[in-house]
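Residue numbers (this note's numbering), protein chains in the order written: chain R, 342 to 484; chain Y, 342 to 484. Built from N, CA and C at the ideal position, the CB exists for glycine as well. Notes to accompany the following structure.
2 protein chains.
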Amino acid sequence: MDTQAPHIRPYTGVIARLKSAGLRPTRQRIALAKLLFEGENRHVTAEDLHVEARTAGVSVSLATIYNSLHQFTEAGLMREVVVEAGRSYFDTNTGDHHHFFHEDSGALEDIPSDRINVSELPEAPDGKKVQRVDVIVRIAGAE
Amino acid sequence: MDTQAPHIRPYTGVIARLKSAGLRPTRQRIALAKLLFEGENRHVTAEDLHVEARTAGVSVSLATIYNSLHQFTEAGLMREVVVEAGRSYFDTNTGDHHHFFHEDSGALEDIPSDRINVSELPEAPDGKKVQRVDVIVRIAGAE
DNA sequence: TTTCTTTTCTGGAATAATTCTAAACTATTG
DNA sequence: CAATAGTTTAGAATTATTCCAGAAAAGAAA
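Shown next as structure tokens:
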């Protein structure tokens, strides 16, 4: 008989995801991936995620948070959105979309790509390739 | 006769500009404004401008560079463009336009507003007002 | 398993960009 | 000119992030 409390393989999805991204499914990467990818899309800062992990009882250093966020980003599991000098969000939504940035609260909100239209983009100069087009709509003012 | 070398009132334009922005035309603000606003539009970082000022023989502290750039920005003489975490440009072009960001070199290049089209912008939520729409086209790759 | 190899994690130091601070200085007003 | 209100400054402080070298853990081999 099992001496462990029974549970329904709670890590499988996340482990598979890490593996197919070429990342070893370590304890801390699994924990972070669970926080990030199970549930709704999210916008987090490194510090946010650090606090959240510790609150959830997961012991992870801040350096590892940064490492993981960058690795996830390089692997295409997330993307980085820079809104202000010294404030960088990591977004679990990697699909085609843009953002509202609430200047008052500092919050980021998705704009689905079908609710905005960017067209007539000029050619990238010098034969370079367009990596990405970021549209940030900065909003503020009366509630 | 004038004991000074003759010159064609080189500060008038800049002084007027500062005054109408509600900023005292101090020695350092005048010098920085001359570097920034006389000639072509420019994209500078605080550090860039600091080096440039010192090279031009103007003694200005870095704190004053930051103060001035922010004051100029608040006064609507410049605008700030954040491209990467920890890399913020100040742009003397306050007109309606967007940017290419060269990921390889870190350089910023203007995209005139008539060469790009952003439409069907959604309403700002909660009755907030749109302050600005920034489009950054990130480019990289083979020359 | 046990061992070996390689990758990852960690705390703390290091760096970089920016802001703060309190004293010294300067432009404007009277 | 003197008063005062705004500005500048050097350096300390802060914040975000990266670097580092040793400890720990994962995967492969035996």
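Self-check item: Environment of SER361 of chain R [buried if 16+ CB atoms lie within 10 Å]
Solution: Along the first sequence, read from residue 1 onward, the residue named residue 361 of chain R stands at position 20. Exposed, by the Cβ-count rule.
Practice problem: Taking all protein chains shown into account, decide if ALA397 of chain R is buried (16 or more other Cβ within 10 angstroms of its Cβ) or exposed. | Solution: On the first sequence, residue 397 of chain R is found 56 positions in, with the first residue counted as 1. ALA397 of chain R should be labelled exposed.
Quiz item: Curious, which full-length beta strand (DSSP E) runs of at least 3 residues does the stretch 407–483 of chain Y contain?
Solution: 420–425, 428–432, 438–443, 449–453, 458–460, 470–481
Self-check item: Proximal chain Y residues relative to GLU444 of chain R, where beta-carbon distance stays under 8 Å
Solution: Mapped onto the first sequence, residue 444 of chain R falls at position 103. Within 8 Å Cβ-Cβ: GLN472.
Exercise. Determine whether the Cβ of ASP475 of chain Y lies closer than 8 Å to any Cβ atom of chain R.
Key: Position 134 of the second sequence, counted from the start, is the residue given in the question as residue 475 of chain Y. It does; some Cβ of chain R falls within 8 Å.
Quiz item: Can you tell me whether DSSP reads VAL385 of chain Y as helix, strand or coil?
Solution: Start at 1 with the first residue of the second sequence, and residue 385 of chain Y comes out as number 44. Note: VAL385 of chain Y maps to strand in three-state DSSP.
Quiz item: Does the beta-carbon distance from ILE452 of chain Y to HIS443 of chain Y come in below 8 Å?
Solution: Along the second sequence, one-based indexing puts residue 452 of chain Y at 111. Along the second sequence, one-based indexing puts residue 443 of chain Y at 102. Not closer than 8 Å, so no.
Exercise. To the nearest angstrom, report how far apart GLN412 of chain Y and THR386 of chain R are at their CA atoms.
Key: Residue mapping note: residue 412 of chain Y aligns to position 71 of the second sequence, counting from 1. Residue mapping note: residue 386 of chain R aligns to position 45 of the first sequence, counting from 1. Distance between the alpha carbons of GLN412 of chain Y and THR386 of chain R is about 28 Å.
Exercise. Helix, strand or coil for THR367 of chain R, going by three-state DSSP, please let me know.
Key: As a working mapping, residue 367 of chain R is identified with position 26 in the first sequence. Coil, per DSSP.
Quiz item: In angstroms, rounded to a whole number, what distance separates the CA positions of HIS384 of chain Y and SER460 of chain R?
Solution: Counted from its first residue, the second sequence places residue 384 of chain Y at position 43. Counted from its first residue, the first sequence places residue 460 of chain R at position 119. Taking the straight line from one Cα to the other gives about 25 Å.
Exercise. Whole angstroms is fine: what's the gap from ILE480 of chain R's alpha carbon to VAL423 of chain Y's?
Key: Reading the first sequence from its first residue, position 139 is the one you call residue 480 of chain R. Reading the second sequence from its first residue, position 82 is the one you call residue 423 of chain Y. Spanning the two alpha carbons is a distance of roughly 16 Å.
Exercise. Report the rounded CA-to-CA distance for LEU373 of chain R versus SER429 of chain R, giving the unit in angstroms.
Key: Within the first sequence, the letter at position 32 stands for residue 373 of chain R. Within the first sequence, the letter at position 88 stands for residue 429 of chain R. Rounded to the nearest angstrom, the two C-alpha atoms are 18 Å apart.
Self-check item: Helix, strand or coil at VAL392 of chain R according to DSSP, with G and I counted as helix
Solution: Numbered from 1 along the first sequence, position 51 holds the residue referred to as residue 392 of chain R. In this structure, VAL392 of chain R counts as helix in the three-state DSSP scheme.
Exercise. Taking only the alpha-carbon atoms, compute the straight-line gap between ILE356 of chain R and THR435 of chain Y and give it to the nearest angstrom.
Key: In the first sequence, residue 356 of chain R corresponds to position 15, counting from 1. In the second sequence, residue 435 of chain Y corresponds to position 94, counting from 1. The straight-line gap from Cα to Cα measures roughly 48 Å.
Quiz item: Cα separation between ALA465 of chain R and ASP389 of chain Y?
Solution: Against the first sequence, residue 465 of chain R aligns to sequence position 124. Against the second sequence, residue 389 of chain Y aligns to sequence position 48. Rounded to whole angstroms, ALA465 of chain R to ASP389 of chain Y spans 26 Å at the Cα level.
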